[in-house]
Structures are given as structure tokens and as C-alpha cells.
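Notes follow the structure.
Protein chains: 2
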Amino acid sequence: MSILVAANFDADEWAAWWPALQAALPGEHLIRGRSEAPAEAIDVALVANPPLGALQGLPRLALIQSLWAGVDKLLADATVPAEVPLARMVDPAMNDAMAETALWAVLGLHRGTFAYAAQQRDRVWRQHPQRRADEIHVAVLGLGQMGRTAAQRLARNGYRVTGWSTRAMAVVEGITTAAGDAALAEVLASAHIVVNLLPLTPATRGIFGASTFAAMPAGASLVNLARGAHVVDTDLLAALDSGHLQHAVLDVFHSEPLPVEHPFWSHPNITVLPHVAAQTDPRSAAVIAARNVQALRQGQPLADRVDRRRGY
Amino acid sequence: MSILVAANFDADEWAAWWPALQAALPGEHLIRGRSEAPAEAIDVALVANPPLGALQGLPRLALIQSLWAGVDKLLADATVPAEVPLARMVDPAMNDAMAETALWAVLGLHRGTFAYAAQQRDRVWRQHPQRRADEIHVAVLGLGQMGRTAAQRLARNGYRVTGWSTRAMAVVEGITTAAGDAALAEVLASAHIVVNLLPLTPATRGIFGASTFAAMPAGASLVNLARGAHVVDTDLLAALDSGHLQHAVLDVFHSEPLPVEHPFWSHPNITVLPHVAAQTDPRSAAVIAARNVQALRQGQPLADRVDRRRGY
Chain A
-3 MSILVAANFD ADEWAAWWPA LQAALPGEHL IRGRSEAPAE AIDVALVANP PLGALQGLPR
57 LALIQSLWAG VDKLLADATV PAEVPLARMV DPAMNDAMAE TALWAVLGLH RGTFAYAAQQ
117 RDRVWRQHPQ RRADEIHVAV LGLGQMGRTA AQRLARNGYR VTGWSTRAMA VVEGITTAAG
177 DAALAEVLAS AHIVVNLLPL TPATRGIFGA STFAAMPAGA SLVNLARGAH VVDTDLLAAL
237 DSGHLQHAVL DVFHSEPLPV EHPFWSHPNI TVLPHVAAQT DPRSAAVIAA RNVQALRQGQ
297 PLADRVDRRR GY
Chain B
-3 MSILVAANFD ADEWAAWWPA LQAALPGEHL IRGRSEAPAE AIDVALVANP PLGALQGLPR
57 LALIQSLWAG VDKLLADATV PAEVPLARMV DPAMNDAMAE TALWAVLGLH RGTFAYAAQQ
117 RDRVWRQHPQ RRADEIHVAV LGLGQMGRTA AQRLARNGYR VTGWSTRAMA VVEGITTAAG
177 DAALAEVLAS AHIVVNLLPL TPATRGIFGA STFAAMPAGA SLVNLARGAH VVDTDLLAAL
237 DSGHLQHAVL DVFHSEPLPV EHPFWSHPNI TVLPHVAAQT DPRSAAVIAA RNVQALRQGQ
297 PLADRVDRRR GY
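If you read the sequences in order, they're chains A and B.
First residue of the first sequence: -3, per our numbering; consecutive thereafter.
First residue of the second sequence: -3, per our numbering; consecutive thereafter.
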């Protein structure tokens, strides 16, 4: 059988991924194009933003393994066969990277470094009062692998952390948790910083709109590391421009790359990152993808299967 | 007896410090000016950049308690009586603040956020390859209270940390340590990021000059959180302009506020912070100062006495 790698990688990305996948899948026939093997010989697709229709007409396809953590685009692609098991990438190295980005953003908001960067541009020397980490309340929305890892990392660095998830869930060591729509307003009301790590689903799309911003206290900040479509851009701009929100750190956008004319680029209270909060590391991700291929071949349960109805 | 608070505080700082000191020293007679008590009634001076000569002619002065951690300016002030015991401020809250600033700077250098900030100004969407924290070697120079706290915080967040001190010293849990001039070149040679938390002494003044930068690998970065006089400014500019060093995060400068015409302000590879890496928190520092006042009054040993010969 053959394994199709269907990805919109550029040359540099192929140069990193191809040897990593070959090393992790010795003895497997890896192909990069449909023409390299008959359709009926392909039983696994490793995908990263696959070209539209790339997975159609593969009668023996038995596993679609995403190389990215988020699968919302795959679920929205009607050409991705819905009956084939789909697995997300859950890589501890990516969880750590996400936790680092969340911590960097929270430290920067807590310690005023975004304001100091603006001052540097104007050559202004002005010190702002400083609070202790345990005086900063951080709400982490989304308690999947990444949300839990980020929340615990923040707590271990001294912040008061509350984790919130859409559904009730188990205790996460070191942090307070809350769940469900009714609890959200209360969690937001006391948050100095809100870190978004929710999956993108019909229920969470546009969750960061005017009413959510109004539920956050004056001077609060948003760190969006999940999906651009979680945010209503015009509402965010209004909340920042009114002074109600202080700052937003955004790694993800409705359209990526962020269009050059988008107002986020030049807004003084928005920090734009080019979707780098947790880049997949081919070295570790290839090994994790290979484990699921092996599970498939040995008839064992697949890890990190997506519940298509739930959306993640 | 009276306690003289000799400080160059502005109105906001007095508004924070005065009630904190009064709360921490109940029953003590606190004064802000020499005219408020006879010279022979003053036995303690709490100082923060005291006006020149403020401590002269106090025959019963028995304790000079600094409200700042660094005492290099006090030791350089010939009007500060050399025979009176001098104590530094060692405040766990300041150690934590310093560790947070060090961690913020290291995360930013590791994750490329200073480069992404420059890209945002130019509306450039470009992702850079990402390394794991355990692939980043951080050298922390100076293993006093702040250096140790910062080094351990970095190690707990996954970085490979080597701590270096001028003199041989005890093991610091969680990090590799080295000491003495001979070991410095080796520590620098493998460092991706050097964090300076050395005390300023004749031996460390100008330590970050051309030869130290040459000992660091190409692409390394400097985080100076100690004193501006540790750095030879022209050598730092040369090392950055040649591309040998990648970036510098500077919280301290030869002259503060950093003069408006100084080239650091506008250098694309320098991040300027206005001496805020670890601001003293009046709430906790007043309590720590009060403990030493109490020790003096009760004839007990003073904490955190400065060794004037050693310089810290």
C-alpha cells in the first residue's frame, strides 16, 4: 500500500517534512502526488491543508492523519471523505510551543512590554506600576491538550488561572476550572487576560464579539492563539478603540496571510504574529503520525480520532 | 530615635512608599527631610538614590538600608558614611519580577517575537523555523539572589541553562554552574542567549565589550538586566551592526533616562526597557526594610549587609 502526503508545503517545508516522514515510516511507500500510485493502492493520507479534492476517489483510504492540530478546515472541505477515520495531530512538542507563546504574551501584557515597545518608538522613558503575577487573573478558554498545557504552564509561573471549557470536564491540576455558557460571563468578569485556545466549531465561531468583550473588565486584554474566526474583527477594533480592551495579541486571522490592507497590522494596541504560536515540528510530528499508521496496519485503535459531529 | 527616608521619589512614588513604610514601621518616627528631626536623633536611613550629602553629619546613624537591590551608586557616593553598616534590598518579589523579565526576553528571542514585531511594522507575513526550548542554551551571568532565581525559572521552563559567577560557588539546583574567568569563554561559546545579572564592580564594569561579544557564537543575543555600565555601548552597536549578535534586550543604561539622542532607541535590533525589569514593590520592600530596623533595635544581626570591599 501507499501513503499519500497531501500538503500545501513550500519548498522549505517539504525539505523538512519529507526526510522526517521517511525516517518515521521506514518500509512504507510514501508519495507526494496522486500520479505516483494507483488510487486503489493508497490507504493512508497524511494531510496539511491538502489541495481541494486531493482525497477524492481513493476507495481503500482507511486513515486521514492531519499533520496540523486544527481540523476545522478539513471538516469544512466537502471533498474530504466523511466516512474515513480522521485523526488530529496531538504532539507534546506543539503543546509546549503553544504554552510558551501563551506565557510570552501573558508576561508581556502583565509586565507592560507592549506599551514599552510603543514608548521606544517615541523615545519615551516612562515606568508603569508593576503588579505581582499572583495579582493577574488569566482565563484560558478551551481545555483540550493545548489549553490544559498552557493553563498549567501559566499557573506554574505564578498566575491565577481559571480554565473554561464549553462542556463540563475533569479537574486540571493546578488551576480552577469552569464549564458551560452560564459560567463564562463570571470567568470573563474577573479576567485581566483572556487566552483563547478553543476549537473552532459552530458553537465557538465568533465567540469574541461585542457581548463577550463587554463581559470582560475594562483594561482587559485578549490573546487569540486558536482560530481567526473566533473573533469578530470589527467588534475587537471597536473594543480596543473605545479603550475598553487594552491590547490584543493575535496569531490567527479570518484570512491568512493577513491581508496587507487589514487594519490589525497598524493598530497600536494589536500585536500580529504570523500563525507561529505552535508550529508543527516535523521531527516529532512525523513520529506521532507514524504511530497511527502502525496502529491502522496492526488493527489497533487509532489515537486522537476526530468526532466529526463535535467538530474536533 | 527617627528614621530618615532619603529618596529621589516623585509624587507618585512617595504616595506608594510613605503609607507602606508607615504601615511596616508602626511606632517609629519617620521623616522625609533632615529638618524634621535633630541630626543626633536619626539612627536609620532608608535610601533610594538619596540626594548627595543627605547622610552626612548624622553622628548616631547605625544602619543605611537601601530600598533598591543595587548599591553601586551608594558605594560610589563619597558622602555616604563608609563606617555605617549598609544593607541591600533582597526581596523575593523583586527576584520573581526579575525572573519574569528574563523569561519574557528569552521566550521572545527563542520564539522570534522581536523579529515578528519588526515584520508587523512592515506588514510582512513570514514564519521562521522554530526550535524547542531544550535546544536553546541560556547563560545566566551572576548567581546572586536574582541570578539564581532567573536561572532556575528559565530551567523550569525547559531551557538549557548554565549559570556563571565570578567566584566559585555552591551548586544551584536545576542548572549547570561555572565560575571564574577561565570558564567564562567556554560558557559564552555555547550560549544562544546571555542574560546579565552580575553586580556592578570594578571587575565587571565593561564586561560586555568586543572580546566578550567575539566569544559568543554568531547569532547570539544579549539580555542586560543588571547595569548599563556592564556594556561598552559602541562595542555592542558594532557587534549588532556586523550581524554577529542578533538582538539585545536592554533594561539599563550608562545614563538613565536613556538620552533621547542615544542610538539604542532606534536600533532595529535593540529592545529598550526603561529600567523596569524588577521594580521595587513598596508593599513587600517596606516590610523587609522594617525587619532590619527591628534587628538593629534588638541588637540582632542585620540581613543582606553589603561587603563594601567586594562591592555588593
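Glycine included, C-beta positions come from ideal geometry on N, C-alpha and C.
Please read all numbers here as calculations on a predicted model, not as lab measurements.
- Query: Mind pulling the chain A residues with CB within less than 8 angstroms of Gln313 (chain B)?
  - Reply: It is not possible to answer for residue 313 (chain B), since the shown part of chain B is limited to -3 through 308.
- Whose C-alpha, out of B:Glu182, B:Trp100, B:Ala114, is nearest the C-alpha of Arg149 (chain B)? Within the second sequence, numbered from 1, the residue matching residue 149 (chain B) stands at position 153. Looking from the CA of Arg149 (chain B), the closest CA among B:Glu182, B:Trp100, B:Ala114 belongs to B:Trp100.
- Start and end residues, alpha helix (DSSP H) containing Asp8 (chain A): To locate residue 8 (chain A), count along the first sequence from 1; it is residue 12. If you look at Asp8 (chain A), you'll find it in the alpha helix (DSSP H) that goes 7 to 20.
- Using alpha carbons as the reference points, say which of B:Leu54, B:Ala7, B:Pro22 lies closest to Ala344 (chain B). In the structure as shown, chain B starts at -3 and stops at 308, and residue 344 (chain B) therefore has no counterpart that could be examined.
- Partners in chain B for Pro253 (chain A), counting only beta-carbon separations shorter than 8 angstroms: The residue given as residue 253 (chain A) occupies position 257 in the first sequence. Those within 8 angstroms of Pro253 (chain A) in chain B are Trp121.
- How many Å lie between Leu59 (chain B) and Val40 (chain B) at the Cα? Here residue 59 (chain B) is taken as the residue at index 63 of the second sequence, counted from 1. Here residue 40 (chain B) is taken as the residue at index 44 of the second sequence, counted from 1. Their backbone Cα atoms lie some 5 angstroms apart in a straight line.
- Whose C-alpha, out of B:Ala3, B:Leu105, B:Asp73, is nearest the C-alpha of Leu218 (chain B)? Walking along the second sequence from the start, residue 218 (chain B) turns up at place 222. Among B:Ala3, B:Leu105, B:Asp73, the Cα nearest to that of Leu218 (chain B) is on B:Leu105.
- Query: What residues from chain B crowd round Arg107 (chain A), counting only those whose CB sits closer than 7 angstroms?
  - Reply: Looking up residue 107 (chain A) in the first sequence gives position 111. Correct list: Glu96, Thr97, Trp100.
- Can you check whether the CB of Leu236 (chain B) is closer than 9 angstroms to the CB of His343 (chain B)? Past the edges of chain B, shown from -3 to 308, lies residue 343 (chain B), and the structure says nothing about it.
- Task: Taking a Cβ distance cut-off of 8 angstroms, strictly less, list which residues of the region 55 to 68 of chain A are near chain B, in chain order.
- Result: Of all residues in the region 55 to 68 of chain A, none is placed with a Cβ closer than 8 angstroms to any Cβ belonging to chain B.
- Run through DSSP, which three-state label would Val102 (chain B) get? Position 106 of the second sequence holds residue 102 (chain B). Residue state, collapsed to three classes: helix.
- Query: Can you list, in chain order, the stretches of the beta strand (DSSP E) that have 3 or more residues and sit fully within the region 130 to 199 of chain A?
  - Reply: Those beta strand (DSSP E) runs which fall completely within the region 130 to 199 of chain A and span 3+ residues are 133 to 137, 156 to 161, 172 to 175, 189 to 192.
- Message: Please determine whether the Cβ atom of Pro213 (chain A) lies at a distance below 8 angstroms from any heavy atom of the ligand ZN.
- Response: No copy of the ligand ZN occurs in the structure displayed, which carries no ligand at all.
- Message: For a test of the three-state rule: what should DSSP assign to Thr276 (chain A), helix, strand or coil?
- Response: Here residue 276 (chain A) refers to the residue found at position 280 when the first sequence is read from its first residue. Secondary structure at Thr276 (chain A): coil, using DSSP grouped into helix, strand and coil.
- For Val256 (chain B), three-class secondary structure by DSSP: If you number the second sequence from 1, residue 256 (chain B) lands on position 260. Coil, per DSSP.
- Where Leu241 (chain A) falls: helix, strand or coil (DSSP): By one-based count along the first sequence, residue 241 (chain A) stands at place 245. Leu241 (chain A): strand per DSSP, three-state reduction.
- Item | Proximal residues of chain B, C-beta to C-beta of Leu269 (chain A) below 8 angstroms | Numbered from its first residue, the first sequence carries residue 269 (chain A) at position 273. Neighbours of Leu269 (chain A) on chain B, chain order: Thr109, Tyr112.
- Task: Along the beta strand (DSSP E) that carries Ala50 (chain B), what are the first and last residues, could you check?
- Result: Counted from its first residue, the second sequence places residue 50 (chain B) at position 54. DSSP places Ala50 (chain B) in no beta strand (DSSP E); its state is neither H nor E.
- Item | Exposure of Ser238 (chain A), with buried meaning 16 or more beta-carbon neighbours within 10 Å | Translated into the one-based positions of the first sequence, residue 238 (chain A) becomes position 242. The residue in question, Ser238 (chain A), is exposed, as its Cβ has fewer than 16 Cβ neighbours within 10 Å.
- Item | Beta-carbon proximity check, Ala151 (chain B) vs Leu139 (chain B), cutoff 9 angstroms | Position 155 of the second sequence holds residue 151 (chain B). Position 143 of the second sequence holds residue 139 (chain B). For Ala151 (chain B) and Leu139 (chain B), no; Cβs fall outside 9 angstroms.
- Assigned exposure category for Gly143 (chain B) - 16 Cβ within 10 Å defines buried: Taking the first residue of the second sequence as 1, we reach residue 143 (chain B) at position 147. Buried.
- Message: Just to confirm my understanding: we take Ala93 (chain B), look at its own chain, exclude 5 residues before and 5 after, and list those with CB closer than 8 angstroms. What are they?
- Response: Translated into positions along the second sequence, residue 93 (chain B) becomes position 97. Ala273, Ala274, Gln275, Asp277, listed in sequence order.
- CB of Arg107 (chain B) within 9 angstroms of CB of Thr97 (chain A), strictly: Residue numbering aside, residue 107 (chain B) sits at position 111 when the second sequence is read from its first letter. Residue numbering aside, residue 97 (chain A) sits at position 101 when the first sequence is read from its first letter. Yes; because the gap between Cβ atoms is below 9 angstroms, this pair is in contact.
- Message: Beta-carbon within less than 7 angstroms of Ser(-2) (chain B)'s beta-carbon, same chain only, minus the 5 sequence neighbours each way: which residues are those?
- Response: In the second sequence, the residue the question calls residue -2 (chain B) occupies position 2. Only His25, Ile27, Ala33, Ala37, Ile38 meet the Cβ criterion.
- Task: Excluding the 5 residues preceding and the 5 following Glu182 (chain A) in the sequence, name in chain order all residues of the same chain whose CB lies nearer than 8 angstroms to its CB.
- Result: By one-based count along the first sequence, residue 182 (chain A) stands at place 186. Closer than 8 angstroms at Cβ, skipping near neighbours: Ala174.
- Item | Under 7 angstroms by beta carbon: chain A residues contacting Gln275 (chain B) | Locating residue 275 (chain B) in the second sequence gives position 279, counting from the first residue. Those within 7 angstroms of Gln275 (chain B) in chain A are Gln123, Gln126.
- Taking all protein chains shown into account, do 16 or more other C-beta atoms lie within 10 angstroms of the C-beta of Asp6 (chain A), making it buried, or fewer, making it exposed? Position 10 of the first sequence holds residue 6 (chain A). Answer is exposed; the Cβ neighbour count stays below 16.
- Message: Suppose contacts are defined by Cβ-Cβ distances below 9 angstroms. Is Ala282 (chain B) in contact with Leu17 (chain B) by that definition?
- Response: In the second sequence, the residue the question calls residue 282 (chain B) occupies position 286. In the second sequence, the residue the question calls residue 17 (chain B) occupies position 21. In this structure, Ala282 (chain B) sits near Leu17 (chain B), with a CB-CB distance shorter than 9 angstroms.
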